[in-house]
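Letter by letter, the sequence shown follows residues 748 to 1403 of the numbering used here.
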Amino acid sequence: MLNLWNDTEAAKYDSELGLRVYTSRLLGRDKTLVLHGGGNTSVKLVQKNLFGANENVLYIKGSGWDLETMEAAGFAPVQLDYLRQLAQLDTLTDTQMANELATHLLKASAPAPSVETILHACLPHKFVDHTHADAVLAITDTTDGERRTRALYGDSVVIIPYVMPGFDLAKLCATEYPRQAGANTIGMVLLNHGIFSFGDSARQSYERMIELVGRAEDFLKKNGAWEIPTRGVRPARIDMLRQAQLRRALSTVAGAPMVMATHSDDDCLAFAQRTDLSTLSQQGPVTPDHIIRTKRVPMLGGNVEAYARDYKTYFDEHAPAAKEAKTMLDPAPRMVLDPAFGLATAGRSAKDAAIVAELYLHSMQVMQRAQVLGGYRALAARELFEVEYWDLEQAKLRKGGTPPLFAGEIALVTGAASGIGKACVAALLARGAAVVGLDVNLAVETIHRRQDYLGLRCDLTDEDAIASAIKCAVLAFGGLDMLVLNAGIFAASRKISELASAEWRKVMAINLDANLFLLRACHPLLKLALNGGRVVVIGSKNVSAPGPGAAAYSASKAALNQLARVAALEWGADGIRINSLHPNAVFDTGIWTDEVLAQRARHYGLTVEEYKTNNVLKTEVRSRDVAELAAELCGPLFAKTTGAQVPVDGGNERVI
Ligand code: ZN
748 MLNLWNDTEA
758 AKYDSELGLR
768 VYTSRLLGRD
778 KTLVLHGGGN
788 TSVKLVQKNL
798 FGANENVLYI
808 KGSGWDLETM
818 EAAGFAPVQL
828 DYLRQLAQLD
838 TLTDTQMANE
848 LATHLLKASA
858 PAPSVETILH
868 ACLPHKFVDH
878 THADAVLAIT
888 DTTDGERRTR
898 ALYGDSVVII
908 PYVMPGFDLA
918 KLCATEYPRQ
928 AGANTIGMVL
938 LNHGIFSFGD
948 SARQSYERMI
958 ELVGRAEDFL
968 KKNGAWEIPT
978 RGVRPARIDM
988 LRQAQLRRAL
998 STVAGAPMVM
1008 ATHSDDDCLA
1018 FAQRTDLSTL
1028 SQQGPVTPDH
1038 IIRTKRVPML
1048 GGNVEAYARD
1058 YKTYFDEHAP
1068 AAKEAKTMLD
1078 PAPRMVLDPA
1088 FGLATAGRSA
1098 KDAAIVAELY
1108 LHSMQVMQRA
1118 QVLGGYRALA
1128 ARELFEVEYW
1138 DLEQAKLRKG
1148 GTPPLFAGEI
1158 ALVTGAASGI
1168 GKACVAALLA
1178 RGAAVVGLDV
1188 NLAVETIHRR
1198 QDYLGLRCDL
1208 TDEDAIASAI
1218 KCAVLAFGGL
1228 DMLVLNAGIF
1238 AASRKISELA
1248 SAEWRKVMAI
1258 NLDANLFLLR
1268 ACHPLLKLAL
1278 NGGRVVVIGS
1288 KNVSAPGPGA
1298 AAYSASKAAL
1308 NQLARVAALE
1318 WGADGIRINS
1328 LHPNAVFDTG
1338 IWTDEVLAQR
1348 ARHYGLTVEE
1358 YKTNNVLKTE
1368 VRSRDVAELA
1378 AELCGPLFAK
1388 TTGAQVPVDG
1398 GNERVI
């Protein structure tokens, strides 16, 4: 375990709260310690109030903050003496606790204090660090985990049996700590949950965490439980359509579209191909912290409906004991394990699916190491339910807005590296869709660096290239709900008498043939879209009002227009809508340089400004205008429209 403390870096922080920020970030940098908002840290300070009196204040990590990107503003200052008084109470409900924490803050704009605030307050040390370290979980999450933990740490830690995070856990720690702690105590292990370290300085507390977790890692290595072999793993067998069907089934059970990512690296395949998979993976998560994102257990190969039934039964069995358990999470699994493809993870966004994957990649290691040590043992179903249900209650308290329009949906846009295509990508991302952008220009791969965007270089005249791009899309996001056919070329002005066959064929190949390939290849995926598949075709004013010198372009767009109309007729029964936009004179694209614009304007005896707004409304049409309408065509406003053609041209006399 690497100690990341660096004197030069640390010197930049000049206060105790500053150093608290620094070492919190050090913990956050190591993904084997904390992941995605997991873990928390605190410091106890004495502060003068407005009347000059000293006050004891606990600065505790606020919820919604990640240790890796921690800042002073992410710590909530709470009245420490009051917290210690609260710990004297016999009981305190979650709602009461949330209220007491919120009403005893010393800063109105502070984030909500962590659910583990009272626990931090009860520990006497100035600095307290808490992580869900993989190596510690691999030891505590075993049959006989307590004995193993005791043997490893001796009197250097206090050991707390599993209790759900919240007031009861804080109370238990408050009584157990003084009972067990001695001169050598530097930390506290919470079985099936994680580990605490503490100290007089930020550095001491941090370095004790590194020391304790390092000892756990050495213990695993000594016991042959560190390296997890992937030898003999069978290669993935992935059927693209089957993955899309699986995503559809997950979405149906969830009652909303879901993004699904497939992970077929050797680690995932080796785990999914274990002969003891059904016992190992079906016990529950390695720490309660993970349940909130991953839910109870992954689904094995099998079918989603059976999983959902099982989940409902589990909920009904445990619900009567929970107070007024009226709501349940949607019963769709967030993870699927299958020896054929490895691991699939799902969520309402690409980001959520990625978080589930990262958590589970760590969990797989913990479970397998624990299995080597003496058998993985997770929390009992009763305890799992409490955490899961508790999170549900917390979710009700959180201010949840309505999800974005295209949450959980996937769109594919061609010609995505520039102009209207690039603007379509932005419009769809802004509405919450995961987007796959295709373009012959390599720049498409880097126009966005975010989890819900996949840019792929692709020559659309190559059918094999299209097929492999679609496969990548399905592996990354699980399927396809929307398709924006935008890619096209506009060749130099040429009279028919001078139009070369090769040039004609090139324009047809890109503007027409490629769209047939795409429509044909995407059809089985669009058919599976929970909200119905949607196709937007970017046509042209030239369809109804062609211009001289543009024979190839006008003919290709007119043929594409007919292709779209026939598709609307053929695919209506599959619930797929196809609508076309006919833009004109969109100048903020790659082909229109200032020079070309000036030239064309002169050609018509107009200024550039007059030329740009040469339409009935005297308005300039930008890429963004077209893209916003393209995105809306995929939305509920046009749910009952197919085969339509909408001009986006500021009004054209020849078209009107
Ligand atoms: Zn915790």
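Even for Gly, the Cβ is constructed at its ideal location relative to N, Cα and C.
Beta-carbon spacing of residue i, residue j below 7 Å
i	j	result
residue 757	residue 1006	no
residue 1227	residue 1159	yes
residue 882	residue 963	yes
residue 1288	residue 1329	yes
residue 1240	residue 1296	yes
residue 888	residue 1107	no
residue 949	residue 770	yes
residue 776	residue 815	yes
residue 751	residue 773	yes
residue 880	residue 942	yes
residue 920	residue 866	yes
residue 1224	residue 1157	yes
residue 1358	residue 1348	yes
Buried versus exposed call for residue i [16 or more other C-beta atoms within 10 Å across all chains shown]
i	result
residue 1110	buried
residue 954	buried
residue 1056	exposed
residue 1042	buried
residue 798	exposed
residue 1313	exposed
residue 1266	buried
residue 1059	exposed
residue 1118	buried
residue 1351	exposed
residue 1304	buried
residue 1189	exposed
residue 796	exposed
residue 821	buried
residue 925	exposed
residue 897	exposed
residue 990	buried
residue 899	buried
residue 1097	buried
residue 1294	exposed
residue 918	buried
residue 1403	exposed
residue 1252	exposed
residue 793	exposed
DSSP bridge partner residues for residue i (one or two, in chain order)
i	result
residue 802	794
residue 876	788, 944
residue 808	822
residue 1005	Partner(s): none; residue 1005 has no beta bridge.
residue 1123	889
residue 1093	1007
residue 1200	1182
residue 1281	1229, 1324
Backbone secondary structure at residue i - three-state DSSP
i	result
residue 1287	coil
residue 1331	coil
residue 1274	coil
residue 1088	coil
residue 1304	helix
residue 1157	strand
residue 778	coil
residue 1054	helix
residue 1238	coil
residue 1297	strand
residue 1247	coil
residue 1321	helix
residue 1186	strand
residue 901	helix
residue 907	strand
residue 748	coil
residue 817	coil
residue 1394	strand
residue 853	coil
residue 1382	coil
Given 8 Å as the limit, is there contact between the segment 1166 to 1185 and the segment 1193 to 1203, that is, 3 or more CB pairs closer than that?
-> A contact exists between the segment 1166 to 1185 and the segment 1193 to 1203.
Kindly confirm or deny that the segment 888 to 907 and the segment 861 to 872 touch, where touching means at least three C-beta pairs closer than 8 Å.
-> No, the segment 888 to 907 does not touch the segment 861 to 872.
Is the segment 1024 to 1039 close to the segment 978 to 996, with three or more CB pairs under 8 Å?
-> No: the two stretches stay apart, fewer than three of their Cβ pairs being nearer than 8 Å.
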